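In my numbering, the protein residues as written are -6 to 287.
All residues carry an ideal CB built from backbone N, CA and C; glycine is no exception.
Just so we're clear, the structure is a prediction, and the values are computed from it rather than from any experiment.
Report on one structure; see the data block that follows.
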Ligand SMILES: [Zn+2]
C-alpha cells in the first residue's frame, strides 16, 4: 500500500517503500538531467558509518570543529590519533551498488550533476566522471599556511614513523565514523606527535571542510548554476541537517524544481519533496536502474 500525504504546496508525497523505485523511475523519466546530492547513507554499505541515526540525532561524539582544530594542539592530537585508526577503513573501502548505479545513470545521461557531502571518494572510485566534493576529500592533506598539498597515505606513513606507541593502539572499529575517525584511548591522544608541513612547518589539515567552516564559494556558485539548469533534484542518503546541502533543496523548492529523495529516516527537507522513497540506497538505486534501463 502506498501512503500519500500532501506537503505545503499541495504536492503529493509517496512514503511507502512498496513500488518506490518504480515511482522514482516515473519521476526521473518525467524530469531527466538530474542534479544529485549524496550523503553518508550511500556509503553505509561500503562499511563507512553515518554520523546520525534515522531521526537525525548524533550517533556518537560530535565531530571536530574547524576552529578547534586550528586553535588547539590537543584537538589536533586527538584528530590525528582518531584519524590514524580510522583512515585504513576509508582508504580500503570499495564502492557499492548505489555508487555503481549512479555511474550507469551518468553514462546514460540521467544524472547531469553529482555533488557529494562524502569525503571518501567512493563515487570517483566507482568511475563516476563528474563529481563535486562539497566537503573536500579525505585522501589529501593541505598546509593551512602555504597551501602545500600531500596525500593522506604519506601522512599515515609519517604518523607510523613518529608515533611508535600507535603499534599498541587498538581502535574500536564499531566507532568508525564517516570522516574517518575512530574512538581512541586518551593515553594515545596525549602522546600523539602531529604532522607539520614539510615545506614551511605550517599546520597540516585534512583537505576536508570541518564543521564550523564553509564550503568554497566558487564551488557553491558552480552548483547553483548547475541546479538552475537541472530538471529535478534527487537527494540520496542524507538527512540534510547541514546547511551546505540543505540550501540546494531550499533553492530548488523556491524555484519550482521538483525534488525526490531516497533516505532511510527523517530529513530536514521532508516537506519539500515531491517524492520520498524510504529504502536502502543500494537496493532502491539498483531497482531504479532496472526500471529505467532494462
Ligand atoms: Zn606549508
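Whole-Å CB distance - residue i paired with residue j, under 8 Å assumed
{"i": "residue 203", "j": "residue 42", "result": "The pair is not a contact, with the Cβ atoms about 18 Å apart (cut-off 8 Å)."}
{"i": "residue 21", "j": "residue 274", "result": "At roughly 15 Å, the Cβ-Cβ gap does not stay under 8 Å, so residue 21 and residue 274 are not in contact."}
{"i": "residue 281", "j": "residue 17", "result": "5 Å"}
{"i": "residue 26", "j": "residue 223", "result": "6 Å"}
{"i": "residue 182", "j": "residue 74", "result": "5 Å"}
{"i": "residue 69", "j": "residue 141", "result": "That pair is no contact at about 17 Å."}
{"i": "residue 134", "j": "residue 125", "result": "Their Cβ separation, rounded to whole angstroms, is 20 Å, which puts residue 134 and residue 125 out of contact at 8 Å."}
{"i": "residue 284", "j": "residue 262", "result": "With 8 Å as the limit, residue 284 and residue 262 do not qualify as a contact, their Cβ atoms being about 24 Å apart."}
{"i": "residue 106", "j": "residue 219", "result": "4 Å"}
{"i": "residue 94", "j": "residue 278", "result": "4 Å"}
Residue environment, residue i, which counts as buried when at least 16 other CB atoms sit within 10 Å
{"i": "residue 236", "result": "exposed"}
{"i": "residue 121", "result": "buried"}
{"i": "residue 100", "result": "exposed"}
{"i": "residue -1", "result": "With a pLDDT of 47 at residue -1, under the threshold of 50, the modelled position of this residue cannot be trusted; read the value that follows with caution. Label assigned to residue -1: exposed."}
{"i": "residue 139", "result": "exposed"}
{"i": "residue 207", "result": "exposed"}
{"i": "residue 67", "result": "exposed"}
{"i": "residue 289", "result": "Here the chain has residues from -6 to 287 only, and residue 289 is not among them."}
{"i": "residue 249", "result": "exposed"}
{"i": "residue 151", "result": "buried"}
{"i": "residue 157", "result": "exposed"}
{"i": "residue 286", "result": "exposed"}
{"i": "residue 60", "result": "exposed"}
{"i": "residue 119", "result": "buried"}
{"i": "residue 123", "result": "exposed"}
{"i": "residue 32", "result": "buried"}
{"i": "residue 180", "result": "exposed"}
{"i": "residue 214", "result": "exposed"}
{"i": "residue 247", "result": "exposed"}
{"i": "residue 160", "result": "exposed"}
{"i": "residue 221", "result": "exposed"}
Secondary structure of residue i, DSSP reduced to three states
{"i": "residue 103", "result": "coil"}
{"i": "residue 280", "result": "helix"}
{"i": "residue 269", "result": "strand"}
{"i": "residue 81", "result": "helix"}
{"i": "residue 152", "result": "helix"}
{"i": "residue 57", "result": "coil"}
{"i": "residue 250", "result": "coil"}
{"i": "residue 286", "result": "helix"}
{"i": "residue 31", "result": "strand"}
{"i": "residue 74", "result": "helix"}
{"i": "residue 68", "result": "helix"}
{"i": "residue 182", "result": "helix"}
{"i": "residue 86", "result": "coil"}
{"i": "residue 208", "result": "coil"}
{"i": "residue 223", "result": "coil"}
{"i": "residue 157", "result": "helix"}
{"i": "residue 263", "result": "helix"}
{"i": "residue 37", "result": "helix"}
{"i": "residue 114", "result": "coil"}
{"i": "residue 233", "result": "coil"}
{"i": "residue 121", "result": "coil"}
{"i": "residue 244", "result": "helix"}
{"i": "residue 139", "result": "coil"}
{"i": "residue 96", "result": "helix"}
{"i": "residue 42", "result": "coil"}
{"i": "residue 274", "result": "helix"}
Bridge partners - residue i, DSSP secondary structure assignment
{"i": "residue 144", "result": "133"}
{"i": "residue 126", "result": "109"}
{"i": "residue 217", "result": "Its beta-bridge partners do not exist; DSSP assigns none."}
{"i": "residue 189", "result": "196"}
{"i": "residue 201", "result": "129"}
{"i": "residue 228", "result": "30 and 254"}
Residue i: CB within 7 Å of a non-hydrogen atom of ligand 3
{"i": "residue 192", "result": "Absent from the structure shown: ligand 3. Ligands present: ligand 1."}
Min CB distance residue i to chain D below 8 Å
{"i": "residue 245", "result": "Looking at the structure shown, chain D is missing, and only one protein chain is on hand."}
Contact between the stretch 198 to 214 and the stretch 115 to 129 is defined here as three or more beta-carbon pairs at a separation below 8 Å; is this criterion met? yes
Segment contact flag, the stretch 78 to 90 with the stretch 223 to 232, C-beta cutoff 8 Å, min 3 pairs: no
Would you call the stretch 83 to 92 and the stretch 107 to 126 touching, i.e. three or more CB-CB distances under 8 Å? yes
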